[in-house]
Structures are given as structure tokens and as C-alpha cells.
Amino acid sequence: MQPNITTVPFHHLTSGDVLSLQLYRFSDSSPGSKAGPKVYIQSNLHGAEIVGNAVIEQLIEWLTTLEPDQFQGEVWLVPACNPLSTNQRTHYFSTGRFNPYDGKDWNRIFWEYETDPQGLLSFALSQLSLDRATIQANYARLIQTQFAQLAEKLRSPSGAPLSEHYRFHLQSLCLDAEYLIDIHSTSNQGLDYLYYFPHREQSAQFFGLSWGILIDRYDGDAFDEAFIKPWLALENCFAQLGRLLYFEREAWTLELGAGMQMKPESIQKGVSGIQNYLLQKQVIRGVPPNPSDSKLPLYLTCTSEVKKYYAPYGGMVYPTVSLGESVVQGQVLYKLHGFNKLAQVPVRIQVIAEQKGIVYDLASNQAVNLGEYVLATF
Ligand SMILES: [Zn+2]
């Protein structure tokens, strides 16, 4: 079936041009069709992280081969979801990680439903005897009501900064989804892995990736966090009241491959992982799942186990480890050779691992100033 395609303008420019999002929607709109869960998928929120655009383009190609009655839910896709960062360049490099107006990371700007702990507890108490679907619908209504108030500020005479307009348009598309997938990659050289949230380990397997990082320490205002945190807070509230309840809400950030590159195996993993996820979640039916997709081992760790290494000196970096390699405490990770202006020969430093882990990210730039990022393990 062909998707329903809409263009969402959000940024009117001095030149008269308008930056827009383009949304591709697949669902069975025939009378009597089943209204199943909605999956929202976006890519390229950060400018250098382009792999997800290829993943979405291939997913669109695949979804158009399906018949309408194979959709038991809806699939919404937004490639190149941040035109400002997608198009930003310095020389040959895509540098669109930060909003040039205020310097903020584009993935630390999102709106999150907020209520005080007492208010949330009162809400949970009022819903304690209800079934999950009803509670979910009631809570979703509260979130939507608070979110709708943002529109008033955008329309007010005093207006709002660009990032508030932008996030409003993007979050309008996904706030009522059951499942959210945000496709990123490192800006450097990285493994293919995902970030996931508590109590979602089972579904994490569906993506077929070999590594997963549990978010147990929040960055704040990230796209996936803003979506799922209110639901996790309500689950915790119910747990305090003695009722274990997990809502049908999941948020995933896939990290696929390298910055500014379309690695075929990263694209393939993204496409097959999301296809399998859609099948396992029964958003799509009538396609046999690929048995290899959900059986790969998933090495699970958490954000508090991540160790990032920053250069202790300016110079040239020579890694002694490679991506995916397991390292032990005390092992040499990289050598750093640096010049000086002290009339002395260059220094040579060996940097060792502070703890054991797997190298999952390596800086592309092997020339560093003091304090620059070199590599990370989890
Ligand atoms: Zn990113």
C-alpha cells in the first residue's frame, strides 16, 4: 500500500523559504479495520547521524509492498527529522549536533509531562481499581492536555524560541504513540547498539542487536526520556501501592554505525531489527519473522557502567584497542604522542583502562587537545 504523506512546516526563514518535516503514515483505514498500536520512527535528529535515513527509506520501500489488511496498527516515519542540523556543514563535515542559536544539544530540548510526586500518587490512587487500558487512556489524556497548553505560548504575542516551536511539532507527531524509535549513531566510529528503559528487556531482544544499554542515569530532556519517563514514574507509583503494572509504552534509541557514513551492515541491522519489532508487536501481520532476528544474544549493561576517556595532553592518538574489543582494568587503551614548547623532545603517554568493559565508541579525529574525547567502554 502507498503511505499517506504529509508535510509539516515549522520554520519560516528570512528568505521566505520554509523548513518542513515530512511524515509517512501507513495504516489500514478501511471500515472495520483494527485500531492497533501506533509506532513512531524518526532519524537524523543530530546532523552527522545519517544511517537512520537509509533505514527509514528501506522501511518505506518494504511497507509499500504490504497489503492494507496486514497493518493491525499504524507506522509513522519521519526521516531527516531535524532539517536545520541535517543540512549544517563546516567544510565537509556535518556538525549539526547543537542548535546554533543557543548552543544546546538538539536532543536535550524536549518537553516532558510534569506533576509533583503527591499529584501522581493521588492520580494512581484514583485509578487503583481500574484495568490497565483504562488507566493508560486516562493518563494519556492528562499528558495531552498539559502538552496542548504549549501551543498557546507559541501563538502568544511574545512568541517562543525556535527550539520550542520545533519540539512542539515533533512531539505532536509521537505523543500518542505506544512505541517510539529514535535512530541515531555516534558522530565517531561505533558499534550497533540500543538504549532501553527499565522493564523493557524482553522487547529489547526483538531488535536483534548484540548490545544494549539500560538508561539508569538520565541526561534530561532527551527525546526518548521525555516520552517514557512519565509512564515509568506512574509504574513506580503503582508499585509503591502494591500493584505491579507495566504500560504498553516503549521508547528506544538505536545507535547504528558511524557518523557521516552509511555502513551497509548498520543499515541492514536497523531495517531487520525494526521489521522484527513491528512483527513481534503485531503491528504488522502476515510476514514470517526471520528467526535469526530475535535470537541474537543481547549484552546488557547500563549508563552508569559507561566510561568515557578524555585526552590528558594535546597530541596524536594511536589506539591499541579496536571497536568491540573486551578490555581489562590496566590494559593500554591508546598511546598519546605530544609536542611541547619547552625545548624538549615530544612526550609519549600510555593511557590505561580504569575498569573492564567493551570498547563501543572511538573518536574519528586522532588529533586531540587536552580534554577532548578519545573513546568509551561499557
Ligand atoms: Zn545522536
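Numbering that gives the first Met the number 0 puts the first residue of the sequence shown at 0, with every later residue one more than the last. Every residue gets a Cβ at the ideal spot worked out from N, C-alpha and C, and that includes glycine.
Along the region 301-333, the beta strand (DSSP E) occurs as fully enclosed runs of 3 or more residues at 306-309, 314-318, listed in sequence order. DSSP places arginine 107 outside both helix and strand once states are collapsed to three, so it counts as coil. Annotation for arginine 131: no beta strand (DSSP E) segment contains it, though the alpha helix (DSSP H) segment containing it runs 131-154. Tyrosine 178 is not a Cβ neighbour of valine 50, given a cutoff of 7 Å. Tyrosine 138 counts as buried, since at least 16 other C-beta atoms from the protein chains shown sit within 10 angstroms of its C-beta.
For alanine 250, the enclosing beta strand (DSSP E) covers residues 249-254. As DSSP reads the structure, histidine 164 sits in no beta bridge.
Remark: three or more beta-carbon pairs, one from each stretch, lie closer than 8 Å, so the region 346-357 and the region 293-309 are flagged as touching.
With fewer than 16 other beta carbons inside 10 angstroms of its own, tyrosine 100 counts as exposed. By alpha-carbon distance to glutamate 247, the top candidate from Ala176, Tyr308, Met259 is Ala176. A Cβ-Cβ contact shorter than 7 Å links proline 288 with leucine 278. Segment contact: the region 307-319 against the region 83-103, fewer than three CB-CB distances shorter than 8 Å; contact not assigned. According to the DSSP secondary-structure assignment, lysine 37 is paired through a beta bridge with Glu73.
If you look at proline 229, you'll find it in the alpha helix (DSSP H) that goes 222-239.
In this structure, the alpha-carbon of glutamine 281 lies about 41 Å from that of glycine 102. Looking at Leu169, Glu224, Glu111, Tyr23, the one whose alpha-carbon comes closest to that of isoleucine 4 is Tyr23.
Counting only runs of at least 3 residues, the region 329-367 fully encloses the following beta strand (DSSP E) elements, listed from N- to C-terminal order: 331-337, 346-351, 356-361.
Per DSSP, reduced to three states, the secondary structure at isoleucine 182 is strand. A direct Cα-to-Cα measurement between leucine 172 and glycine 46 gives close to 20 Å.
Here the alpha carbons of isoleucine 108 and alanine 257 stand approximately 24 Å from one another.
Beta-bridge analysis with DSSP links isoleucine 283 to Phe70. By the neighbour-count definition (other C-beta atoms within 10 Å, threshold 16), serine 265 is a buried residue. In chain order, Ile49, Gly51, Asn52, Pro78, Ala79, Cys80, Asn81, Thr85 place their CB closer than 7 Å to the CB of asparagine 43, counting only its own chain and leaving out the 5 sequence neighbours on each side.
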